[in-house]
Every structure is written in structure tokens, then in C-alpha cells.
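Heads up, the thing below is written out as C-alpha cells.
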Amino acid sequence: LLNKRDQVNAIAARAGAVNPQTAWVLKRLELESPQLLTDASPRFESILQRLDSIRPDAHLGSAWTLASRTGGLAPVVSEDGKPFGLINGLSLFRYFSETLGPQPGDTPIRDLMAAPCKAAADTSVPTYSAASHIRDSLNRILRDEYDDFWVVDENGRYLGMVSQRNCLNPPRLKIILVDHNEPKQALAALDEADLLEILDHHRLGNPHTHAPIKMSVDIVGSTSTLVSERTAEAGLALPPALAGALLAGLLSDTLILTSPTTTPRDRQAADRLARWAFIGGSPLDGESLEGYGKAILNAGLGLANREPGQIVSNDVKLYETNGYKLAISQVEVTDLLQLRDHLGDLQKALNSLRDQKGLDFAMLLVTDVVGGSSQLLLSTGAPPILDELPYPPLPDGTRDAVGVVSRKKQLLPVVLGLLES
122 LLNKRDQVNA
132 IAARAGAVNP
142 QTAWVLKRLE
152 LESPQLLTDA
162 SPRFESILQR
172 LDSIRPDAHL
182 GSAWTLASRT
192 GGLAPVVSED
202 GKPFGLINGL
212 SLFRYFSETL
222 GPQPGDTPIR
232 DLMAAPCKAA
242 ADTSVPTYSA
252 ASHIRDSLNR
262 ILRDEYDDFW
272 VVDENGRYLG
282 MVSQRNCLNP
292 PRLKIILVDH
302 NEPKQALAAL
312 DEADLLEILD
322 HHRLGNPHTH
332 APIKMSVDIV
342 GSTSTLVSER
352 TAEAGLALPP
362 ALAGALLAGL
372 LSDTLILTSP
382 TTTPRDRQAA
392 DRLARWAFIG
402 GSPLDGESLE
412 GYGKAILNAG
422 LGLANREPGQ
432 IVSNDVKLYE
442 TNGYKLAISQ
452 VEVTDLLQLR
462 DHLGDLQKAL
472 NSLRDQKGLD
482 FAMLLVTDVV
492 GGSSQLLLST
502 GAPPILDELP
512 YPPLPDGTRD
522 AVGVVSRKKQ
532 LLPVVLGLLE
542 S
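Structure, rendered in C-alpha cells:
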């Protein structure tokens, strides 16, 4: 939408792992997974200059010619692709001083230019990995008496050069948060990026911004609804596969339009996206909303085929309120009876999640999408006030959340209300 409507180069990215349900949808629609972006901190790859290079045995005259085109630098790279040394004005001065001595005499320039580059290259220039964060090396960059540095790939092969000046002022990523807005739920180092816009349907989490931004947080069951509405308002239609991906998100969020969060706008969006996605010749040719929705939910259901740690961390939201730090995870099943065989392992995984994230406590909502109810697990360390949750305790230690299927609209307000009371 942004690329077509606004003529910008927007790139879709994800902040975490692809869960089984999403993986199934991507495969069904023959789509590639969005690129993984775990943090917004600038890396060396974002500022490197891909300068041409020469071999160590090349004549110094070749380095002189190259340096005249690159602003004074001639990277010398070995045949294995790894940096050998750097020729610049200072390294040439040192070489000439050592070769000619204090009285140069009548040494012809052509003799000097015929020397191998390796003789004049500075082999002590520091090297940085392209994938490394600039901030982690900034103190060393400031201490080192160099203006330029090597950038290499994961195998140590030459990629380009960076200057100290560019390291001190790297370009900031321009970020749009979709379907979330709380900093705890966003990618790391968000404060090192420029936040341009938020498009969401969850509660506000007070994200810090450096300047005014576009912000749309609306009362609908899925952010897919908001994207489809914007597309229609622009007079555009999404390609069938992308429409199918948005429709999958909408049907999953609203449990095939049966969740309490579902609004008339969600139903209209589902019809609109289905019209775009189910056309002849598309991956979803001949599908129906009901059939597609059930297939999506089934792809993400079940406890037996997933590790407990994966179950509690795949769909998890982090919150802070009134001095408490907490996580609420959710997993969908077709029958709550299967919880009995995995309860102990899930309890341990929930405690581990609490410790790993530095939280006060964590919760797991196990939702039966067929029966329309849930059971709630709490980690150890939950505050006593949560004893007042309106979900009766069961003999196995869980709580019976009858009729609860929405973390956002049903569970979260109750939990936050107790913690803030």
C-alpha cells in the first residue's frame, strides 16, 4: 500500500520468529517470510562504502590511480577476499620516508610506482563485522587513531570501508509499527530509530517519539481491517496473495469473526479481502471464509507438537502497569482436555519466561476455539490481588475462564484493573 499509494520504498519486516500458523499461511499463499529485524540499532552494513580494491602484488601506481577515484583510499585485498592493508596518504608518506630516507636523491618516480602495494599498505587498520552494531564499537572507534576502517562479512571477507565521521552520525531507520505500539512489544533499540507512524488496534503504551507522528489506533478486531480500509480508500486492490495474508490475520484475530472483538467493519473487511483473495487463478481460488478460517486456526492449534518454551513465547505480549511487569501469552487448542498432559511442563516454561524477561509474573491463556472458553495458568510470584480474578480456581491449579477467548478485550482489562486498584 505504501509503495503504490505514497511512492516510497517501504520494506515489510518482522520482529520475531514465524509461528506455525503464520508459516502455514505463507506456504499456502506461496509468499516469502518478511525479513527479520530484531532491533533498530544501526549496523556497519548501513554506512559502508563498497570501494574497489587491488591485490597486494599490484604496482603502487595502480593504488595511486584507484585512490584518485575513491577520495584517497586504496583497499588492498588478498586473493582469498580478506583485507590485507590500506593505502592512503599517511601510509604512502611512511613508505616513501622509509624507502628514500632523509635525502631522496634522484630516485625516479616510476621506480617508486613500480613497487608492490603490499610494501606501502597499512596492515593495522581495525576491522568490523557488517552485522555488528555501531554503538557497541563506538568507544574503540573514538580511541583508535584511524579515520577509516574495514567492514567484512561473517567469513572475514572484504565488503567495504567506513569512516569515523559516518560512524558518529549513522542514518536512522525509519519505522512504522503495525499491530503493536508498546515499546516492550516492539523491536529492541526503537529509540535509535525514527518512528514515523503507528497503525494498531490495541491499547496505547506511550511510545517515545522524537517528533510528531501519524497515529491510528482504532476499535476493530484486527489491524488487517485498517489496512484493507486504507487500501480501498486509495482506490487500490491488493494482489491476491497479500489479500489472503491480511485475511488470514483477520480471521485468526477474530476467530473467524466470532470473537467479542469483531465489529461490523471487520466483517466488511473480510468480504473485501475475500473478493481480492479468492479470484480465479489465485492460491486461494475456490476457497470460502469458513473453510480458510478453519484451516488457519487448525494450523496453529495443539500442544503436543511444540516445545513448552515455544508455546509460551510464540504469542506473548509484555505489559507494565502500577510498578508491575508482566507477560500474557495465548495458545489456541481444539480441546482443553489436552492441557492436562502438558500442564507441568507449561508451568515450568511460564516460570522460565518470567525469569528470562525480568518480569514479576507471567500468564498463559489456553483457549478452546471450538468451545469458546479458556483456562488460565499463572506463574509463581503472581501478586495476591490476582486471587480476586473472576475465574474460579480448578483442582489442577489453573483458573476456569468460561467464555473468555480474547486476551485484549476480555482478560487484559480485568488483570490491569486489579493491578491498578
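Residues 122 to 542, numbered by this note's numbering, are exactly what the sequence shown covers, in order.
Beta carbons: idealized from backbone N, C-alpha and C, even for Gly.
Taking a C-beta distance under 8 Å as the contact criterion, threonine 455 and valine 433 do not qualify as a contact pair. The shortest C-alpha to C-alpha distance from phenylalanine 217 to any of Asn443, Pro196, Thr442, Ala242 is the one to Ala242.
Leaving aside the five residues that flank valine 341 on each side, the residues in its chain whose CB is nearer than 6 Å to its CB run, in chain order, His322, Thr384, Arg386, Asp387. In the three-state DSSP reduction, alanine 470 falls in the helix class (H, G or I).
Scanning its chain for C-beta atoms nearer than 7 Å, with the 5 sequence neighbours on each side dropped, one finds around asparagine 287 the residues Ile168, in chain order.
Counting other Cβ atoms within 10 Å of its Cβ, arginine 149 reaches 16 or more and is therefore classed as buried. Annotated three-state conformation of threonine 501 is coil, per DSSP. Here alanine 161 is near alanine 310, since their CB atoms are less than 8 Å apart. Taking 8 Å as the cut-off, the beta carbon of serine 495 is found closer than this to the beta carbon of threonine 488. For the set Lys469, Asn443, Leu485, the Cα lying nearest the Cα of valine 452 is the one of Leu485. In this structure the region 273-280 touches the region 185-205; the number of beta carbon pairs closer than 8 Å is three or more.
Put simply, of Gln285, Val146, Gly356, Ile297 the residue whose alpha carbon is nearest the alpha carbon of isoleucine 132 is Ile297. When C-beta atoms of the region 434-447 are compared with those of the region 169-189, fewer than three pairs fall below 8 Å, so the two segments do not count as touching. Taken in chain order, the complete beta strand (DSSP E) segments of 3 or more residues contained in the region 214-292 are 248-250, 269-273, 279-284.
Here glycine 412 carries a helix assignment [DSSP, helix/strand/coil].
Under the Cβ criterion (8 Å, minimum of three pairs), the region 333-349 counts as touching the region 360-373. Excluding five sequence positions before and after valine 129, the CB atoms of its chain that fall closer than 6 Å to its own CB belong to Leu123, given in chain order. Bounds of the alpha helix (DSSP H) holding glutamine 142 are 141-150. For a cut-off of 8 Å, the C-beta gap from leucine 410 to alanine 395 is around 6 Å, short enough to register as a contact. A direct Cα-Cα distance of roughly 12 Å separates leucine 158 from alanine 252. For glycine 407, there is no enclosing beta strand (DSSP E), since its DSSP letter is neither H nor E.
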